[in-house]
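Written out below as C-alpha cells is the structure these notes cover.
Numbering (my numbering), first residue to last: 144 to 354.
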C-alpha cells in the first residue's frame, strides 16, 4: 500500500467514520458500476474513493488490474483484506491520497468515481480534472453522483450543492472531438431511511470514452 499523507480535517473525519464501525458499506459493488462496466474489456482501472473495496474487488474479479484510492488508512486495510478473501489481492494496488491535493500517477483504461460528495472539504473540480487526464486513449471515465437528498430526507444534515448532468459536463470542459458521451442520465433507485421509511434517491451517471 502506498501512503501519501493526507490533510486534516478531511482525513480525520473519514478515518473516524471507518473506525467507529466494523463496516460502513454493504460489501456489494455499486449497481451503476456493474451496469456501465460489465461490457468493457478489462485493462487497468482506477477506483477513486474506493472505501472498503467492493468496486475494486468486483473489477479485479472480472480481470481488471485495479488501483484503489482512498483517504482513510482503515478503509484501505479493510479493502485489502476483502481482496485477499476474494482471491484477487494480487490484482489490486491500494494508495492513500486526499484527492484534490494528491493523485495517483499513470494512465488507466477505466477511471471510476462514485459519490465523491463529502460533508468536509473536497476540491471536486480538481478531482474531476485529474480523473479525466488519467484516462488512457480509448479508455472510459465513469462518474456517479447523487442528484439530491433521498425523498424521505426532510431535514438535510448539511448544506450541499448537487451537480446536474449538464453542469458536470460543462465543468469538465473536455476538448471537442476527443471524447464521446456514451451515458448521461438520471437514475432513480429505492432508498430506505434508518427508521425503515421507504422512498427513493436519484443519481446522475456519466460515462465518457476518450478517442
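Glycine residues also receive a C-beta, built at the ideal position from the N, C-alpha and C atoms.
It should be emphasised that the depicted structure is a prediction, and the values quoted were computed from it without experimental measurement.
{"Item": "If you draw a straight line from the C-alpha of residue 265 to the C-alpha of residue 243, how long is it?", "Value": "7 Å"}
{"Item": "Do the region 238–252 and the region 297–308 touch if we need at least three Cβ pairs shorter than 8 Å?", "Value": "no"}
{"Item": "Using DSSP bridges, identify the partner residues of residue 208.", "Value": "187"}
{"Item": "Which residues mark the beginning and the end of the beta strand (DSSP E) in which residue 276 is found?", "Value": "It is not in any beta strand (DSSP E) - residue 276 instead sits in the alpha helix (DSSP H) that spans 267–276."}
{"Item": "Pick helix, strand or coil for residue 339, following the three-state DSSP scheme.", "Value": "coil"}
{"Item": "Could you check whether residue 195 and residue 222 sit closer than 7 Å to each other, using their CB atoms as the reference points?", "Value": "yes"}
{"Item": "Under the DSSP definition of a beta bridge, which residues are partnered with residue 327?", "Value": "349"}
{"Item": "Can you tell which of 273, 152, 206 and 328 has its C-alpha closest to the C-alpha of residue 175?", "Value": "328"}
{"Item": "Which word fits residue 282, buried or exposed, when buried means at least 16 other C-beta atoms lie within 10 angstroms of its C-beta?", "Value": "buried"}
{"Item": "Under the assumption that residue 294 contacts residue 332 (Cβ atoms under 8 Å), give the Cβ distance between them as a whole number of angstroms.", "Value": "So it is not a contact: roughly 11 Å between Cβ atoms."}
{"Item": "Between residue 320 and residue 354, what straight-line distance do the alpha-carbon atoms span, to the nearest angstrom?", "Value": "8 Å"}
{"Item": "How far does the beta strand (DSSP E) with residue 238 in it extend, from its first residue to its last?", "Value": "235–239"}
{"Item": "Ignore the nearest five residues each way along the sequence and tell me which others in residue 159's own chain have a CB closer than 7 Å to its CB.", "Value": "none"}
{"Item": "For residue 322, which of helix, strand or coil comes out of DSSP?", "Value": "strand"}
{"Item": "In the DSSP assignment, what are the bridge partners of residue 251?", "Value": "278"}
{"Item": "DSSP state of residue 256, grouped into three classes?", "Value": "strand"}
{"Item": "Under DSSP, the alpha helix (DSSP H) around residue 156 begins and ends at which residues?", "Value": "153–162"}
{"Item": "Bridge partners for residue 284 per DSSP, in chain order?", "Value": "254 and 351"}
{"Item": "Which value, in whole angstroms, describes the spacing of the CA atoms of residue 284 and residue 213?", "Value": "18 Å"}
{"Item": "Residue 237 and residue 259 - do their beta-carbons sit closer together than 7 Å?", "Value": "no"}
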